[in-house]
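Novice: The structure's right below; bear with me while I get my questions together.
There are 2 protein chains.
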Amino acid sequence: MTELKNDRFLRALLREPVDVTPVWMMRQAGRYLPEYRATRSQAGDFLSLCKNKELACEVTIQPLERYELDAAILFSDILTIPDAMGLGLYFETGEGPKFKKIIRTEADVAALPVPDSAKDLDYVMNAVKEIRRELNGRVPLIGFSGSPWTLATYMVEGGSSKDFRHIKEMMYATPEVMHALLDKLAQSVTDYLNQQILSGAQAVQIFDTWGGVLSGPMYQEFSLRYMQQIISGLIREHEGRKVPVIMFTKNGGQWLETMAEAGADALGLDWTTNIDDARARVGNSVALQGNMDPSVLYASPERIRQEVGDILGRFGAGSGHVFNLGHGIHQFVDPERPKAFVDAVHELSAQYHK
Amino acid sequence: MTELKNDRFLRALLREPVDVTPVWMMRQAGRYLPEYRATRSQAGDFLSLCKNKELACEVTIQPLERYELDAAILFSDILTIPDAMGLGLYFETGEGPKFKKIIRTEADVAALPVPDSAKDLDYVMNAVKEIRRELNGRVPLIGFSGSPWTLATYMVEGGSSKDFRHIKEMMYATPEVMHALLDKLAQSVTDYLNQQILSGAQAVQIFDTWGGVLSGPMYQEFSLRYMQQIISGLIREHEGRKVPVIMFTKNGGQWLETMAEAGADALGLDWTTNIDDARARVGNSVALQGNMDPSVLYASPERIRQEVGDILGRFGAGSGHVFNLGHGIHQFVDPERPKAFVDAVHELSAQYHK
Chain A
1 MTELKNDRFL
11 RALLREPVDV
21 TPVWMMRQAG
31 RYLPEYRATR
41 SQAGDFLSLC
51 KNKELACEVT
61 IQPLERYELD
71 AAILFSDILT
81 IPDAMGLGLY
91 FETGEGPKFK
101 KIIRTEADVA
111 ALPVPDSAKD
121 LDYVMNAVKE
131 IRRELNGRVP
141 LIGFSGSPWT
151 LATYMVEGGS
161 SKDFRHIKEM
171 MYATPEVMHA
181 LLDKLAQSVT
191 DYLNQQILSG
201 AQAVQIFDTW
211 GGVLSGPMYQ
221 EFSLRYMQQI
231 ISGLIREHEG
241 RKVPVIMFTK
251 NGGQWLETMA
261 EAGADALGLD
271 WTTNIDDARA
281 RVGNSVALQG
291 NMDPSVLYAS
301 PERIRQEVGD
311 ILGRFGAGSG
321 HVFNLGHGIH
331 QFVDPERPKA
341 FVDAVHELSA
351 QYHK
Chain B
1 MTELKNDRFL
11 RALLREPVDV
21 TPVWMMRQAG
31 RYLPEYRATR
41 SQAGDFLSLC
51 KNKELACEVT
61 IQPLERYELD
71 AAILFSDILT
81 IPDAMGLGLY
91 FETGEGPKFK
101 KIIRTEADVA
111 ALPVPDSAKD
121 LDYVMNAVKE
131 IRRELNGRVP
141 LIGFSGSPWT
151 LATYMVEGGS
161 SKDFRHIKEM
171 MYATPEVMHA
181 LLDKLAQSVT
191 DYLNQQILSG
201 AQAVQIFDTW
211 GGVLSGPMYQ
221 EFSLRYMQQI
231 ISGLIREHEG
241 RKVPVIMFTK
251 NGGQWLETMA
261 EAGADALGLD
271 WTTNIDDARA
281 RVGNSVALQG
291 NMDPSVLYAS
301 PERIRQEVGD
311 ILGRFGAGSG
321 HVFNLGHGIH
331 QFVDPERPKA
341 FVDAVHELSA
351 QYHK
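Residue numbers (our numbering), protein chains in the order written: chain A, 1 to 354; chain B, 1 to 354.
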């Protein structure tokens, strides 16, 4: 157990004092980096990269060599659990993820196993251990999973979707089947995140990418409820330290008050919510992570710095803010721009932590 | 000028008493109807259908023959204005709209003309006149346009987009170019809607389909501001009657208070906002239109009825509610289902209007 040299990310999530606001970027290991593209082409396809612990570790650490980031995040895919359930995840060029087997009926759901993550997803745990070792206490490592609702959308639609036709039909027409699927997924995600924590993840994030396509009551019943179930089953302390949980529902800005009661230490915000309003609405119950529009990284360093300053000023004084983008960094961003972003967060935030 | 036999839609928009809550469906003339598909194949492609006043009139009226709808909406495309600006709108099968010419630079924007709608978009005005004549006072006719921001996304991206890379780059990196484009579009939309009103449209709706991809401050500066500019230039009374304006920003639920001050008579709501919360937030300043998830139409008539009852109960007593879906009806909906929806609105709402 190596000593953690930079723990401001973990401290901010627990609303403890920090010297400057910590920052990381969703999808920080990704296609916008030429070194990532080189490693990926070495691995072959995307899934082979996820399954090779040395290469997964390499791409996880690449952005830390360029930018003064305060956290690393496990490089993996969001759909490892459905793949381990036997659905046959594959990627077609320019098409996004697809599954060979699609889940539509009660019988389909009944036949699904709950994976034993330590065994069936050992390649993920091996990557976590490898990255932790390689980081050597430099910054904390974040583990992650998709939310049950989000995983279910891909399993029922068979891939990405624009209108979520089939899963919404399942939800409105046969809610008991939908609940059975989500319950299996919640059990699977709980075990998956706990194994990541036991393997060395020092914080975990639940990505609810598609919870925001639901109405308020449906969000609570079909997405939030299962994230709450997961959070209540997570290991919350490990290696003598709290393991904070971040819950991020894209387009969930209207439901922050309810989300704040789900047991997470922090809520992720996309850029459609003003962080000052969000802070006023959730009070001191949770930390906030976010929330610059990733598209700002297409602008000049001066404009990026201005936007960072605006968001920091909105959050205001005190701890409880982890700076981030409101969604993953885009693949066409010039790799010089995130440097301006990360440096601006550190430089401009010191005044709020005196 | 024929007497209007059913004016509850117009009355509800102005928050005047009604007997039952009026209802219509966004995209009610569309692919889910076999008779629409027949007329469309007769016309050839989609644009030819829009440009043929008899056929455009025919598809506009088709859903009224099946369901007790309280309004008709002009059948046309959202991108007629950029097409009239010379961008060359076309459709590739299964691909969505595309433009031959794409707008990216200051020079591109400077070269764009503001169309003279009476002349350059006379096919739209002819369709409005034809539909008004054919409706013969049965229900009011709604005219519409895309918002400047929404039109601009297609013009700058060259079609549909997932990440709005190019327009956001324009907005953050060269805001003055973005404003010049939006100002031309606002002028064009104002004239376009006024010509529709003069041709017979009895209410108008501004569709801001993509305003919700912006941050709060950017939404105000680049989308709402231009809709406000349009509204302040619209003919608000015609044929001795008020012409109500509906403003609909998809995923705009977080900004309702500001939107309520833009001068529109009604705000459209998608299904992610609870209509009781929305009503509490905007008070008596505007009417509300919405907001059932169109996916509920995949469920049983009983489930549809339950959802309608829930939304009506949330809105509560009094006028100021136009029932609608939160977005366009999906193409795979069984045409029997909207009947259950429309009838439920009328049957279950009478109790709230005593």
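Think of the CB as a built atom: it goes at the ideal place given N, C-alpha and C, for glycine as much as any other residue.
Just so it is clear, the structure is predicted and the values come from calculations on it, not from any experiment.
Look at D70 of chain A and P17 of chain A and say whether their C-beta atoms are less than 7 Å apart.
Specialist: no
Novice: Roughly how many whole angstroms lie between the Cα atoms of G253 of chain A and G216 of chain B?
Specialist: 11 Å
Novice: Anything in the region 170-203 of chain B with a Cβ closer than 7 Å to a Cβ of chain A? List those residues in chain order, please.
Specialist: Y172 and A173
Novice: Hey, F248 of chain B and F207 of chain B are a contact pair by Cβ (cut 8 Å); roughly how many whole angstroms apart?
Specialist: 6 Å
Novice: Among the candidates A:G313, A:P294, A:N6 and A:L297, whose CA atom is the shortest distance from the CA of L141 of chain A?
Specialist: A:N6
Novice: Just list the residues that DSSP pairs M292 of chain A with in beta bridges.
Specialist: A:L325
Novice: Note down, in chain order, each residue of its chain lying with its Cβ closer than 8 Å to the Cβ of V156 of chain A, except the 5 sequence neighbours on either side.
Specialist: I102, I103, R104, H166, I167, M170 and L181
Novice: I'd like to confirm the pairing. Which residues does DSSP put opposite K119 of chain B in its beta bridges?
Specialist: None; K119 of chain B has no bridge partner.
Novice: To which residues of the same chain is V308 of chain A closer than 8 Å at the C-beta, ignoring the five residues directly before and after it?
Specialist: M292, F323, F341, A344, V345 and L348
Novice: Can you find the residues in the same chain that come closer than 6 Å, C-beta to C-beta, to Q187 of chain B, ignoring five residues on each side of it along the sequence?
Specialist: V114
Novice: Taking only runs that begin and end inside the region 193-273 of chain B, name each unbroken beta strand (DSSP E) of 3 or more residues, in chain order.
Specialist: 203-208, 245-249 and 266-268
Novice: Along chain A, which residues have their Cβ under 8 Å away from the Cβ of Y298 of chain B?
Specialist: R165, K168, E169, Y172 and A173
Novice: Do E3 of chain A and G96 of chain A have their beta-carbon atoms positioned less than 7 Å apart in this structure?
Specialist: No, these two residues do not count as a Cβ contact at 7 Å.
Novice: Classify E58 of chain A: buried if its beta carbon has 16 or more other beta carbons within 10 angstroms, exposed otherwise.
Specialist: buried
Novice: Nearest chain A C-beta to R303 of chain B closer than 7 Å, yes or no?
Specialist: yes
Novice: Please classify D265 of chain A: is it buried, with 16 or more other beta-carbons within 10 angstroms of its beta-carbon, or exposed?
Specialist: buried
Novice: Under the DSSP definition of a beta bridge, which residues are partnered with E92 of chain A?
Specialist: As computed with DSSP, E92 of chain A is found in a beta bridge with A:G96.
Novice: Short check: CB of K98 of chain B to CB of G159 of chain B, under 7 Å?
Specialist: yes
Novice: According to the Cβ coordinates, are I329 of chain B and M25 of chain B closer than 7 Å?
Specialist: yes
Novice: Within 10 Å of its beta-carbon, does D19 of chain B have 16 or more other beta-carbons around it, so buried, or fewer, so exposed?
Specialist: exposed
Novice: In angstroms with no decimal places, state the Cα-to-Cα distance between D45 of chain B and S161 of chain B.
Specialist: 22 Å
Novice: Please identify, using Cβ separations under 8 Å, the residues of the region 248-270 of chain A that lie next to chain B, in order along the chain.
Specialist: N251, G253 and Q254
Novice: Taking a contact to mean a Cβ-Cβ separation below 7 Å, would you say S223 of chain A touches W271 of chain A in this structure?
Specialist: No, Cβ-Cβ distance for S223 of chain A and W271 of chain A is not below 7 Å.
Novice: List the residues of chain B whose Cβ lies closer than 7 Å to the Cβ of H321 of chain A, in chain order.
Specialist: In chain order: nothing, as chain B lies at least about 17 Å away.
Novice: Exposed or buried, what is K119 of chain B when buried is set at 16 or more other beta-carbons lying within 10 Å of its beta-carbon?
Specialist: When all chains shown are included, K119 of chain B counts as exposed.
Novice: The alpha helix (DSSP H) that contains S41 of chain B, what's its start and end?
Specialist: P34 to A43
Novice: Please go through the same chain and pick out, in chain order, the residues whose beta-carbon is closer than 8 Å to the beta-carbon of S355 of chain A, but skip the five residues on each side of it.
Specialist: For residue 355 of chain A there is no data in the structure shown, the boundaries of chain A being 1 and 354.
Novice: Distance, Cα to Cα, E130 of chain B vs K53 of chain B?
Specialist: 7 Å
Novice: Kindly list, in the order they appear in chain A, the residues whose Cβ is closer than 7 Å to that of D208 of chain B.
Specialist: Within 7 Å Cβ-Cβ: nothing; D208 of chain B doesn't reach chain A, min ~14 Å.
Novice: Please check if any C-beta of chain B sits within less than 7 Å of the C-beta of G313 of chain A.
Specialist: no
Novice: Against chain A, with Cβ distances strictly below 7 Å, would D276 of chain B count as a contact?
Specialist: no
Novice: Could you please give me the residues that DSSP links to A287 of chain B through a beta bridge?
Specialist: Residue pairing by DSSP puts A287 of chain B in a beta bridge opposite B:A266.
Novice: Can you pull the chain A residues whose beta carbon is under 9 Å from the beta carbon of G146 of chain B, in chain order?
Specialist: Per Cβ cutoff of 9 Å: no residues; G146 of chain B is ~18 Å from chain A at best.
Novice: Closer than 8 Å between beta carbons: that is the criterion. Which residues of the region 329-353 of chain B meet it against chain A?
Specialist: Taking 8 Å as the Cβ-Cβ cut-off against chain A, the residues of the region 329-353 of chain B that qualify are H330 and F332.
Novice: Would you identify the three-state DSSP class for V109 of chain B, choosing helix, strand or coil?
Specialist: helix
Novice: Can a CB atom of chain B be found closer than 7 Å to the CB of D293 of chain A?
Specialist: yes
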